[in-house]
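Right, one structure below, let's go through it.
In our numbering, the protein residues as written are 255 to 718.
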């Protein structure tokens, strides 16, 4: 439109655009605390004369209007990918630390109720018996302290088994969550593609897409690739989990059976969209940490604990069967255990104090030399247990340091993304004021043009 009336159209376009800018700022402020929300910005574009040629005519537009080029989400694809990668690493380390710290707390070393304290008390009981071999109470104390030691070892073994059972249940829940998230992301990809075709705003869908991809990265260390239609393709361990609007499944291939039972190693797999069988994959994130502790860390500790229990029992039994009890009878095996589960089945085999063998000679009721020898027989087992606990403590401390270091790096990339995508109330207030003033100026322009037209139409040519 050319001529005087064209100014009305210019003012109207300004009013419409500034109203959209105000609405966008309002939406940003309203969602300033919404998790996963990415701030928007209304982008303007100049609307000039028509570029289409017309017969016997030419454009007479003397000014340009303004239009809405689009509402952009303030994101950086490379930064978002970095955020997903760092969060995957952080989730792996945090999950591993949480499991290790629970086990360390259950071990209870150093402490008054742990295996180390029970070994010291058991050794002290044998030394007391060596000093008073004819004292019946000293023999009973040896029996009681031996039972306490066996119970301490059994309790630690049961704690490890309970932790592994809980971790298998947690891993199963994570695996189910990954499959659900994959289905949700595929559905979101489909909705984004439809919105792109229809020309509608897909901002909310894109926010949801980013949240789903981030959670998948936290759980599995998955990598996401953006499609031309705005969706994400996701792969885990190089195997496709989500492809467009189709989703595969994530599952436990081996290591966890019905009811949460199982034995290492634990293997996870991905069935690609349209695939018939699961492909074993190596994951990171929380599931990768759970696989590691279930397949390597905790079984290794349990195996070492079994070795300590076996070493302790065999050392005591070897000396006890070479000695003589209060009746002058050769000693029996002091400890018994199941070779398949030494730590979990360790128990005292003899049933009465008179069966405690303290003498090195038959009928030596006042001889306690064998008791003294037995008190020193399990020094190697005690040292093995100390090395086991110290090594595990070092592992826990190292894992904690790695998690803390990674937390610093994760915080840095989160901060960089927050600066770009996060809502600043101060910035939004400035944007609102600017849009408000521009709206007022456009309204004033329309009023001025209306006054000019009133003069031209109603007053031009009047005579007194």
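Here a beta-carbon is modelled for each residue, glycine too, at the ideal position from N, C-alpha and C.
Predicted model, so just to flag it, every value in this text is computed and none were measured.
Spanning the alpha carbons of residue 391 and residue 371 requires a straight line of approximately 21 Å.
In the three-state scheme derived from DSSP, where H, G and I count as helix and E and B as strand, residue 496 is classed as strand. Residue 364 and residue 516 have their C-alpha atoms some 31 Å from each other. Ranked by how close their Cα comes to the Cα of residue 666, the residues 259, 649 and 340 have 340 in first place. Per DSSP, reduced to three states, the secondary structure at residue 301 is strand. Across the structure, residue 337 and residue 537 are spaced so that their CA atoms are roughly 17 Å apart. Going by DSSP, residue 327 is part of no alpha helix (DSSP H) but of the beta strand (DSSP E) stretching over 319–327. For residue 346, the three-state secondary structure derived from DSSP is helix. For residue 666, the enclosing alpha helix (DSSP H) begins and ends at 633–675.
Residue 408 sits in a helix when the DSSP states are folded into three classes. In this structure, residue 577 and residue 635 do not form a Cβ contact; the two beta carbons are roughly 18 Å apart against a cut-off of 8 Å. With contact defined as three or more Cβ pairs closer than 8 Å, the region 583–593 and the region 428–443 are not in contact. Residue nearest to residue 359 within the set 409, 377 and 378 is 409 (criterion: CA-CA distance). Residue 277 sits in a helix when the DSSP states are folded into three classes. Annotation: residue 331 to residue 676 spans about 15 Å, alpha carbon to alpha carbon. Burial check for residue 524: the Cβ neighbour count within 10 Å reaches 16 or more, so the residue is buried.
DSSP, reduced to helix, strand and coil, places residue 365 outside both helices and strands of the structure shown, so it counts as coil. A Cβ-Cβ distance of about 21 Å is found for the pair residue 643 and residue 400, leaving them out of contact under the 8 Å criterion.
DSSP places residue 480 in the uninterrupted beta strand (DSSP E) bounded by 477–480. In this structure residue 318 is exposed. Its beta-carbon is surrounded by fewer than 16 other beta-carbon atoms within 10 angstroms.
For the pair of segments examined, the region 681–697 was found to touch the region 275–286: the number of CB pairs separated by less than 8 Å reaches three.
Taking 4 residues as the shortest admissible run, the region 566–612 contains the following complete alpha helix (DSSP H) segments, listed from N- to C-terminal end: 596–599. For residue 471, the enclosing alpha helix (DSSP H) stretches over residues 457–474. Around the C-beta of residue 691, fewer than 16 other C-beta atoms lie within 10 Å, and the residue is accordingly described as exposed.
The region 257–272 and the region 690–710 touch, with no fewer than 3 CB-CB distances between them shorter than 8 Å.
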